[in-house]
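When we follow the numbering used here, the leftmost residue of the sequence shown carries the number 2, and every step to the right adds one.
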Amino acid sequence: MTLNRYIPGYFAALALTVAVCAAAVFAVNAAVDPMWYFGGNKVGKVNYAFNERLSKVNLFLSRPHEYDCVIFGDSRATLLPEQAIEGYRCFNFAFSAGKAEEAVAYARYIAERGFRPRLVIMGVPASAFRDRIGHVDIPSFIRELDDPKPAWLTYLSFDALSMSWRTLFSTSPLDRVYSLDFECRIASGAPVYDPAKPIPDMMAGRFTGTHRVQFYDDMRAIFPQAELLGYVPPVSAWAIDGYDKAGWLQEYVTAIQLASEKFDRFADFGVPSPLTIDPGNTYDGTHYSEEANRRVAAALFHPEREEALDLKRIDAARMLSIYRDRLASYRAELFAGVGG
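Written out as structure tokens, the structure is:
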């Protein structure tokens, strides 16, 4: 009988303890905000990218009316500074390993919510046209045009608490981080690019998957009112030289040229140039520095400013000729970069 008297108090104390712990977990997660529901980290100086496919949706949905431009692409395009696109208010929806099919799904998702951009920018690396590109990763809520998991449910989890802890006290899961205003930057401790070392997966497959250009038609159908601008992100001149030596350069430029036909504007920053012959501009040969990407952003509408190519003005044969002429002009630098 005496024991029974204490049972209600025990359960009340247990419930209070659980509630206090849950509130504390939520408070920490909301303050650090690793999934970007509430505008990002309010405690530290950076935002880590734990799941860009979810966190960027949360960030966009918190302020969709601020934008009239959207950027899609893979991790290389995440480094394109949205604030530097003159005349537009862009949201950078690019994410790691992003593919054109995934971009179309995200475009359809935000269009369903009333988003009507004036400009759509798409990063179009030649790797998008390899014969095999890996699986497509589209979250179920994007496919079903549903709301993402609510913040209260996400932030009551210890998984989210682990992300918050890592944000405050550990290293980034990627070689990229986001500033407090969500500009993507190279993380401290990122590797130093050595042209003598082959870029991982550089020769992972031929550029024969050109059927995927159909996804750019889908993008135009979703946003018919928007100007569609494509660009090839910078890639190391040593990689381009490797494709030429392997006999792959012609199919490389053919794939990119075919893609360019789907866009209103198309700039190729992957052609050998002062930007791509300088190994100090990149940490791995494909991801370029903030300063390099600011230069790209400033030249998107005027690619000649960075010795990039306007592919709306030249055909594939002329493009291939320019690539080979540029490689020849940089032969001394290419040779020196690999220890020649």
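Ideal Cβ positions, reconstructed from N, Cα and C, are used throughout, including at glycine.
Own chain partners of residue i with C-beta closer than 8 Å, once the 5 adjacent residues on each side are dropped
i	result
G45	V33, T168, L169
F61	Y68, F92, F94, I111
A355	Outside the displayed range of the chain (2 to 341) lies residue 355, so it cannot be described from this structure.
Run of the alpha helix (DSSP H) containing residue i, from where it starts to where it stops
i	result
I72	Unbroken run through I72 is the beta strand (DSSP E), 70-73; no alpha helix (DSSP H).
A268	Where A268 is concerned, there is no enclosing alpha helix (DSSP H), although the beta strand (DSSP E) it sits in stretches over 266-269.
A129	Neither: A129 is in no alpha helix (DSSP H) and is coded neither H nor E.
G338	332-338
K246	238-247
A101	101-113
V214	Segment: none, V214 is in no alpha helix (DSSP H) and carries neither H nor E.
Exposure of residue i, with buried meaning 16 or more beta-carbon neighbours within 10 Å
i	result
F208	buried
E113	exposed
E53	buried
S330	exposed
L71	Contrary to the premise, residue 71 reads as Val rather than Leu in this sequence. Buried, because 16 or more other Cβ atoms sit within 10 Å of the Cβ of V71.
W153	exposed
R177	buried
S128	buried
V236	buried
K43	exposed
R332	exposed
Element boundaries [beta strand (DSSP E), containing residue i]
i	result
R186	185-187
G286	Taken as a continuous stretch (DSSP letters only), G286 belongs to no beta strand (DSSP E), as it is neither H nor E.
6 Å Cβ shell around residue i - same chain, five flanking residues per side excluded
i	result
T211	F130, A256, L259
R109	I223
S56	M36, W37
S173	Y49, A188
Y179	N48, C185
D242	L328, L335
R306	A300
Sequence-distant residues of its chain with Cβ nearer than 7 Å to residue i (five each side left out)
i	result
D219	V105
A240	I200, M203, G286
Counterpart residues of residue i in DSSP-defined beta bridges
i	result
N93	I72
E228	L120
N48	Y179
L62	Answer is none; L62 lacks a bridge partner.
V254	Looking at the DSSP assignment, V254 forms no beta bridge with any residue, so it has no partner.
L310	D269
V233	D269
Distance cut-off 8 Å: residue i Cβ against heavy atoms of the ligand COA
i	result
Y217	Absent from the structure shown: the ligand COA. Ligands present: none.
Please determine if the segment 90-100 and the segment 66-80 are in contact, where contact requires at least 3 C-beta pairs separated by less than 8 Å.
yes
I'd like to know if the segment 284-301 and the segment 184-200 are in contact, where contact means that at least 3 CB-CB pairs between them fall below 8 Å.
yes
How about the segment 240-252 and the segment 142-157: do they share at least three Cβ pairs that are nearer than 8 Å?
no
Can you confirm whether the segment 116-133 touches the segment 225-239 when touching is taken to mean that 3 or more C-beta pairs between the two stretches lie within less than 8 Å?
yes
Would the segment 153-162 and the segment 266-283 be scored as touching if the rule is three or more Cβ pairs under 8 Å?
no
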